[in-house]
Each structure stands twice: as C-alpha cells, then as structure tokens.
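Accompanying notes for the structure given below.
Number of protein chains: 2
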Amino acid sequence: MARWEPGARERLVVAAVDLFTEQGYDDTTVVQIAERAGVTKSTFFRHFADKREVLAAGQETLSRLLAEGIAEAAADASPLEAVALGLKRACGAMGQLNRDIGPRLKAAIAASAELQERAALKSVSMAAAITAALVARGVPEPMGQLAGELGVLAFKRGYARWSDAGHASADDMVRYTLAALDELREASAALG
Amino acid sequence: MARWEPGARERLVVAAVDLFTEQGYDDTTVVQIAERAGVTKSTFFRHFADKREVLAAGQETLSRLLAEGIAEAAADASPLEAVALGLKRACGAMGQLNRDIGPRLKAAIAASAELQERAALKSVSMAAAITAALVARGVPEPMGQLAGELGVLAFKRGYARWSDAGHASADDMVRYTLAALDELREASAALG
Chain A
0 MARWEPGARE
10 RLVVAAVDLF
20 TEQGYDDTTV
30 VQIAERAGVT
40 KSTFFRHFAD
50 KREVLAAGQE
60 TLSRLLAEGI
70 AEAAADASPL
80 EAVALGLKRA
90 CGAMGQLNRD
100 IGPRLKAAIA
110 ASAELQERAA
120 LKSVSMAAAI
130 TAALVARGVP
140 EPMGQLAGEL
150 GVLAFKRGYA
160 RWSDAGHASA
170 DDMVRYTLAA
180 LDELREASAA
190 LG
Chain B
0 MARWEPGARE
10 RLVVAAVDLF
20 TEQGYDDTTV
30 VQIAERAGVT
40 KSTFFRHFAD
50 KREVLAAGQE
60 TLSRLLAEGI
70 AEAAADASPL
80 EAVALGLKRA
90 CGAMGQLNRD
100 IGPRLKAAIA
110 ASAELQERAA
120 LKSVSMAAAI
130 TAALVARGVP
140 EPMGQLAGEL
150 GVLAFKRGYA
160 RWSDAGHASA
170 DDMVRYTLAA
180 LDELREASAA
190 LG
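First to last, the sequence lines map onto chains A and B. Be aware that the first sequence starts at 0, since it is given in numbering that gives the first Met the number 0, and climbs by one per residue. Be aware that the second sequence starts at 0, since it is given in numbering that gives the first Met the number 0, and climbs by one per residue.
Below is the structure:
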C-alpha cells in the first residue's frame, strides 16, 4: 500500500483539530496551527480565512458532490432516491483522514460554543444544497426541505458510526450513511 | 385597547434589529443599541452577553415551551401529535412584536455571516429540544431527530408566513405553523 502523503491543507486540518482538543479552541492561534503543521502562517491563510474556517474544510466540496449526485438521478427517481445518490457521491469522496479526526473533532466542538455555531452552519448549508438540487428537479419546496434535513441527518448518523467504529474502510462511510437514510425513511413512515 | 408598553428587553431587541438593518451588523455597537433603546449600556448587558445574542432572544423560552407541550401530550399520542402540542404552546406565546420584527430580522440575517451562524445554532437548539422531549417519552432516537427537524421546519415556515402576511393576529402564528406541520407530514409520505 502506498504511503499516505498528506498535503499542507490536510496537515493544517489535523494540526488544528489536535490543538483545539489539547488546549481548547479559544487558546489556539493560527501561528500555533501553522507551526504544528510545519507550514508558514501565509500558507495557512492561503487555505483558510481564520482558525474557525478549518472546521468547515470540505463543506463546499461536500455540497457540490451532493448536488451533482442528485442532479444525475434518473428523471423518475423519488426525492429520497436522488438524495441517496447525492450521499453516495459525497461520502464516497471521504477518506481515512476524515474518519481519523472524527473523535477529536467531536470533542473540540463539544467544548466550544463558537465551533458549535460553525458546525450548525455547516449542517444548514448541506441541507440547503440538497434542497436546492431537488427543487431544481421539480420537487416542491416543503418536500425538498424535508429531504434536505433527512439527508443531513443520515450523513451525520453515518459519519458518527463510521468514525466511532473500531475498524472501518473508506467504503463503509457510504454503507453506513445509506443504512441511516433507510432507517430514517422507515422512521418517517411511523411519525403519525 | 391598552397602549403597548414595551420593557427594556423588548426595546433593545427592536433597536438592535433596526440598527442591524440600517447600518449593518458589523458597524453596530452595543452602545448604539442601548442609546437607541433609551437605556444604559449596563442595562444592555443585564439582558444580553453581546450584540449577537440579541438575535437569540427567546430561544430558551421557545425550547422550554416546546418541551412542556410535548411532555403534556397523552401517552398514546404519536410523535407528530406531541410535536404539534409543543408548537402550539411555543407559538401561542409569540406576540405582535415577534411578528413586526420579522422582515427586518430576515434582512439583517441575510446580510451578515455572523448572524447566519447564530440563526443556524438557534434552529439546531430548537430541534434538539424537541428531540430530547420526544426521546424522554420513549420515541426512538432517529425518529425523534426527524420529528425535531420537522418541527423546526414547520415553525420557520409558519413564522415566515405570519410575519410576511399583510394582516395577521397573534393567534395566526399557531394556525400557520400547524398548517405547515400538516403540509410537511403529507410531504414526508411522498418522499419515496
């Protein structure tokens, strides 16, 4: 197996999450993150606007992949079938690094109100991307919004299971997330 | 009809939302908000930790009322019937002031990334309050999460309709929100 060679961006994400966990988000500076990652401060700023934005790394890529997968669904696919294709595309792009930082990311977010806000905005952005892609297919707005929330819940449940698992391959992120979507679909039928 | 006598907290909310809309969130200071509201800076800080927290005014009350309404539902009520009771309780506590500031609040949020984050966290908190109240009734977690998202979507759609309407009474907030919940329930049956 080829040795994994992380680039500057990946090293910055790992360094930031480590420092947030070790010493707290508020006490971590951009200079410290850059030092730990072995890059200059200006390299940090080529990748991120500030330390909080490190948490949102990948948000735009995720939203774009979700939208692409949904757009490519067959014309007669149901909203949830289209969402499943979007999730498959987005989750399929996640690698071992995404899984490895899960527990530390979770701890850092739990300890910082500011990171909780950023995480909340990330969820809202993903839901909005799903909704917009569905509405573009002619799905009525309330249904598109609901499917957007379902997609984000499935993603979060899949990610939690994937990053908490003792052993898991990159492919398992897709499998866990689609299983979570099925579970939520069944739950929605029993809401009353 | 008795003259409406807003207290300091209400005046601070109106002043903040007006200033955010007129001159932008970033350029508005706590001193300006206090001056416009006709109170001292220390009065501001008795009510809010900072200018951003003005946006979250009422968040804890809303979450508490949602949870109370859900807890009081009959033991055999479905998850969505319980959510409807929570929404009825929370929306019933909203008054003309909440409706009046709607359009300006929307404009201020649209113009500020920081306010968008705070608004996202407010949605996440409301959904979590609904989910926790349902899980306490024995609803399985995925179903509780889904019902939490449905409740928040219904609240937002009801609020948008209420605050955009040319004429509406305080009672209409409950009516619009329960109608939105019904609409979302129907949409969920057709997700596929």
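The C-beta atom is built at its ideal place from N, Cα and C for all residues, glycine as well. Just so we're clear, the structure is a prediction, and the values are computed from it rather than from any experiment.
* Asked: With DSSP run on the structure shown, which of helix, strand or coil describes A:P141?
  -> Your numbering for residue 141 of chain A matches position 142 in the first sequence. Here A:P141 sits in helix by DSSP.
* Asked: For the alpha helix (DSSP H) that B:I69 lies in, which residues bound it at each end?
  -> Against the second sequence, residue 69 of chain B aligns to sequence position 70. Taken as a continuous stretch (DSSP letters only), the alpha helix (DSSP H) holding B:I69 covers 58-70.
* Asked: Closest to A:I129 by CA distance: which of A:D170, A:M93, A:Q58 is it?
  -> Reading the first sequence from its first residue, position 130 is the one you call residue 129 of chain A. Nearest C-alpha to A:I129: A:Q58.
* State buried or exposed for A:Q22, treating a residue as buried only when at least 16 other CB atoms are found within 10 Å of its CB. => Here the question's residue 22 of chain A lines up with position 23 in the first sequence. Counting Cβ neighbours within 10 Å, A:Q22 comes out exposed, since fewer than 16 surround it.
* To do: Would you mind giving the Cβ-Cβ distance between A:A48 and A:A7, rounded to the nearest angstrom? I have them listed as a contact below 8 Å.
  => For the purposes of this step, residue 48 of chain A is taken as the residue at position 49 of the first sequence. For the purposes of this step, residue 7 of chain A is taken as the residue at position 8 of the first sequence. Wrong, their Cβ atoms sit about 16 Å apart, outside the cutoff.
* B:L54 beta carbon less than 8 Å from that of B:L114 -> Taking the first residue of the second sequence as 1, we reach residue 114 of chain B at position 115. Taking the first residue of the second sequence as 1, we reach residue 54 of chain B at position 55. Yes, the pair counts as a contact, with Cβ atoms nearer than the cut-off.
* Span separating the alpha-carbon of A:L18 from that of A:A188 -> Within the first sequence, residue 18 of chain A is the residue found at index 19, counting from 1. Within the first sequence, residue 188 of chain A is the residue found at index 189, counting from 1. CA-CA distance, A:L18 to A:A188, rounds to 43 Å.
* Helix or strand or just coil, what does DSSP make of B:T27? -> For the purposes of this step, residue 27 of chain B is taken as residue 28 along the second sequence, with counting starting at 1. Per DSSP, reduced to three states, the secondary structure at B:T27 is coil, with no helix or strand assignment.
* Asked: What do you reckon, are the CB atoms on A:L96 and A:A153 nearer than 8 Å?
  -> Here the question's residue 96 of chain A lines up with position 97 in the first sequence. Here the question's residue 153 of chain A lines up with position 154 in the first sequence. Not in contact: A:L96 and A:A153 (Cβ atoms no closer than 8 Å).
* So A:R103 is in the alpha helix (DSSP H); what residue range does that whole segment cover? -> Walking along the first sequence from the start, residue 103 of chain A turns up at place 104. Counting along the chain, the alpha helix (DSSP H) containing A:R103 begins and ends at 101-109.
* If you draw a straight line from the alpha carbon of A:W161 to that of A:D171, how long is it in whole angstroms? -> Counting from one through the first sequence, the residue named residue 161 of chain A turns up at place 162. Counting from one through the first sequence, the residue named residue 171 of chain A turns up at place 172. Going by the C-alpha atoms only, they are around 7 Å apart.
* To do: In the DSSP assignment, find the unbroken alpha helix (DSSP H) run with B:E52 in it and report its ends.
  => The residue you call residue 52 of chain B lines up with position 53 of the second sequence. No alpha helix (DSSP H) holds B:E52; DSSP gives it neither H nor E.
* A:Q58 at chain B interface by Cβ criterion, 8 Å -> Counting from 1 along the first sequence, the entry for residue 58 of chain A is found at position 59. A:Q58 does not count as touching chain B.
* To do: Whole angstroms is fine: what's the gap from A:G165's alpha carbon to A:R103's?
  => As a working note, residue 165 of chain A is residue 166 in the first sequence. As a working note, residue 103 of chain A is residue 104 in the first sequence. Going by the C-alpha atoms only, they are around 15 Å apart.
* How should A:R45 be labelled, buried or exposed, when 16 other C-beta atoms within 10 angstroms of its C-beta is the threshold for buried? -> To locate residue 45 of chain A, count along the first sequence from 1; it is residue 46. It counts as exposed.
* Asked: A:L120 touches chain B at which residues, Cβ-Cβ below 7 Å?
  -> On the first sequence, residue 120 of chain A is found 121 positions in, with the first residue counted as 1. Going along chain B in sequence order, the residues near A:L120 (Cβ under 7 Å) are Q115, E116, A119.
* When every heavy atom of the ligand ATP is checked, does at least one fall within less than 7 Å of the C-beta of B:T60? -> The ligand ATP is not among the ligands present in this structure, which contains no ligands whatsoever.
* Residues of its chain near B:K50, where Cβ-Cβ distance is below 6 Å and the 5 sequence neighbours each way are ignored -> Position 51 of the second sequence, counting from 1, holds the residue named residue 50 of chain B. Around B:K50: V29.
* To do: Return no unless some Cβ of chain B is closer than 8 Å to the Cβ of A:E80.
  => As a first step, residue 80 of chain A must be located in the first sequence, where it is residue number 81. With 8 Å as the cut-off, A:E80 counts as an interface residue toward chain B.
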